[in-house]
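Structure record follows, encoded as structure tokens.
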Amino acid sequence: MADLPDKSSAFVDWYLAAVEAADLTDKRYPVKGMNVWTPYGLAARRLLDRVLVTEIEATGSVAVEFPLLIPETEFAKEAEHIKGFDREVFWVTRGGASPLDVPLALRPTSETAMYPIFALWVRSHRDLPLNVYQIVNVFRYDTKTTRPFVRVREIHFFEEHTCQADIAASDARVQSNLAAFRKMAEAFGLPYLAIRRPEWDKFPGAFYSIAFDAPVGGALTLQLGTVHAYRENFSRPYGIRFEAADGSQQYAQQTTFGLSERLLGAIVAVHGDEKGAALPTSVAPHEVVVVPITAAGAGATPLTVARAYADRLRAAGRRVLVDERDDRPGAKYFYWEARGVPLRLDVGRREAESGTATAVDRLGRRTTVTAAALEAEVAAALAEYDRALRGRADRAFAERFALARTLEELKDSATVRVLSWCGREECGHAIETAIGGGLLGTPEGPLPMELGPPGPCVASGETENVRWAVAARPI
Ligand SMILES: [Zn+2]
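So the number in our numbering is just where the residue sits in the sequence shown, counting from 1, plus 21.
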């Protein structure tokens with residue numbers, strides 16, 4: 022296989038080639054932006070979903086599943102929302118040969134599917150909080166160039182929807198979601214920033230939106246997910262009301278939390294390198310691949326030992342594959358490196374005879390593990406690999422931000438830009454034009470660089486109400 026394009030100078034080309042080489046998806050399906058999940062990609066996705074489910078359920082959310090089709094009459098109830106999604110909706114207009122009385126939307130997101138039912142579920146303050154999530158496919162007719170996991174028309178989507186009794190509880194739910202995402206990102210080894218979106222870039226219908234952005238290369242960032250506070254923007258049109266403890270009727274304060282297969286794209290984008298993908302152990306379909314090296318005359322011993330090692334590791338709960346294919350060891354190394362397997366155990370004649378294996382992690386670090394302490398030594402090697410992978414991502418993250426003091430400096434940006442902004446929309450748009458991308462907004466936490474107080478706004482020179490903001494280009 023040919024070498025991958027250079028990640029630092031041709032990021033998008035590298036990303037597409039790395040996804041291809043990792044065998045995570047097949048994009049030859051004859052509908053643009055609707056890709057096939059390969060066995061390997063689906064296995065990784067299920068492991069990723071497991072992390073999301075574990076963390077969200079730890080915060081008291083429970084799973085539901087709502088129908089895929091949404092009647093136009095429900096879809097149109099919240100004006101901003103329909104305006105925001107109008108151009109992206111696939112419509113079902115026929116049932117068999119007959120036109121439908123009411124066209125049905127393929128959900129682009131599920132507010133308008135869930136909220137008419139929430140209005141039936143939420144009657145009293147005793148019904149609150151209502152915290153539910155689903156993991157389903159949503160459909161968006163994205164007209165831009167599609168890219169696997171990052172910009173697709175059929176999206177594997179995680180969405181939490183909640184109803185709270187008051188604004189304080191809804192703000193607390195947002196904070197709980199931010200904390201849950203910190204743990205999810207930790208499991209994937211992904212550094213990111215939580216950034217409050219500017220007014221003009223909020224989710225359609227939201228009161229405020231906080232997004233998680235990961236810098237992936239040059240000035241490019243990938244939005245990994247979002248948390249939104251809706252306040253009463255949906256509960257009013259959908260009639261989600263409850264009787265409060267004092268007997269008054271009140272509207273629910275709502276929040277949502279959305280994630281998608283983009284997380285898998287981010288894992289490839291952030292951790293991958295010139296060899297292909299590098300998967301954190303949490304999402305690796307095979308944490309360990311054992312390669313028996315059966316040179317001529319070596320007999321069956323390396324294969325027998327390799328199988329025995331694999332059996333023991335499986336019994337210890339590891340996901341392990343023995344690569345028994347009839348191919349050269351070098352070709353096998355190359356193959357599993359491109360797929361991002363965390364740890365390889367090579368078992369040749371020497372290892373088989375001495376009761377050892379040569380362990381090589383995806384970052385190329387080599388150690389010897391012994392049969393006597395196989396489970397513990399493999400566990401230690403995997404933990405050390407995850408730490409090193411995260412360390413490499415953190416170092417790259419810190420280098421991906423640079424200050425811009427003028428609009429001129431935003432042009433041809435080779436990094437994500439940190440700048441002073443006065444908060445005015447016209448300045449925001451001037452910043453977006455200069456960088457050729459978006460003003461992501463104001464970070465919720467510290468930036469990965471030394472910064473004093475913000476100076477004058479890069480667009481207007483205004484010195485009142487200035488704050489640090491982040492500008493980047495979307496991948
Ligand atoms: Zn300004």
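A virtual CB, placed ideally from N, CA and C, is assigned to each residue, including glycine. Please read these numbers as outputs of a predicted model, since none were measured by experiment.
query, result
"Cutoff 7 angstroms; reference A43; Cβ partners in own chain excluding five residues on either side", "V289, G297, A298, A359, R360, G361"
"Nonlocal neighbours in the same chain, by C-beta distance under 7 angstroms from P137, ignoring five residues either side", "E95, Y259"
"Check: I480 C-beta below 7 angstroms from any heavy atom of ligand 1", "Inspection of the sequence shows that residue 480 is occupied by Ala rather than by Ile. Under cutoff, so the answer is yes."
"Segment limits, alpha helix (DSSP H) that includes V40", "32–43"
"Closer than 7 angstroms: R445 CB and nearest ligand 1 heavy atom", "yes"
"C448 beta carbon near ligand 1 (any heavy atom closer than 7 angstroms)", "yes"
"N- and C-terminal bounds of the alpha helix (DSSP H) containing S481", "Element bounds for S481: n/a, residue is neither H nor E."
"Beta-carbon proximity list for V157, same chain, < 7 angstroms, skipping 5 on both sides", "E86, F178"
"Continuous alpha helix (DSSP H) stretch holding P124: start and end", "Taken as a continuous stretch (DSSP letters only), P124 belongs to no alpha helix (DSSP H), being part of the beta strand (DSSP E) at 119–127."
"Span of the alpha helix (DSSP H) around G286", "283–292"
"Any non-hydrogen atom of ligand 1 closer than 7 angstroms to W112 Cβ", "no"
"Continuous beta strand (DSSP E) stretch holding W489: start and end", "488–495"
"Inter-residue spacing [alpha-carbon to alpha-carbon] between F278 and R252", "14 angstroms"
"N- and C-terminal bounds of the beta strand (DSSP E) containing Y251", "241–252"
"CB contact below 8 angstroms: K353 versus chain D", "The structure shown has no chain D; it contains just one protein chain."
"Anticipated Cβ contact below 8 angstroms, L214 with P464, distance rounded", "5 angstroms"
"Contact test: E78 Cβ vs ligand 1 heavy atom, cutoff 7 angstroms", "no"
"Residues that DSSP places opposite I216 in a beta bridge", "A232, P464"
"E483 beta carbon near ligand 1 (any heavy atom closer than 7 angstroms)", "yes"
"W500 CB to nearest heavy atom of ligand 1 below 7 angstroms", "The shown model of the chain, from 22 to 496, leaves out residue 500, and the question about it has no answer."
"Three CB pairs or more closer than 8 angstroms across the segment 167–185 and the segment 259–277", "yes"
"Supposed close pair R128, L89 - CB separation, criterion 8 angstroms", "6 angstroms"
"Reduced DSSP category for C448 - H, G, I as helix; E, B as strand; rest coil", "helix"
"Same chain only: Cβ atoms within 6 angstroms of G62, ignoring 5 sequence neighbours per side", "L45, T46"
"Length of the line joining the Cα atoms of E76 and A240", "31 angstroms"
"Which residues DSSP lists as bridging S375, in chain order", "Paired residue(s): none; S375 is not in a bridge."
"Touch test, the segment 363–374 against the segment 395–414, Cβ-Cβ under 8 angstroms, three pairs minimum", "yes"
"DSSP state of L90 mapped onto helix, strand, coil", "strand"
"Buried versus exposed call for S375 [16 or more other C-beta atoms within 10 Å across all chains shown]", "exposed"
"A380 - partner residues in DSSP beta bridges", "L366, T388"
"Runs of alpha helix (DSSP H) wholly within the segment 305–343 (minimum 4 residues, chain order)", "322–336"
"Pair within 8 angstroms by beta-carbon distance, L342 and V310", "yes"
"Residues near V110 in its chain [Cβ-Cβ closer than 6 angstroms; skip 5 each side]", "A126, P129"
"Beta strand (DSSP E) segment containing G116, residue limits", "112–116"
"C-beta contact flag for A492 and G459 at 8 angstroms", "yes"
"Collapsed DSSP secondary structure at N7 in the structure displayed", "Beyond the ends of the chain as shown, which are 22 and 496, falls residue 7; an answer cannot be given."
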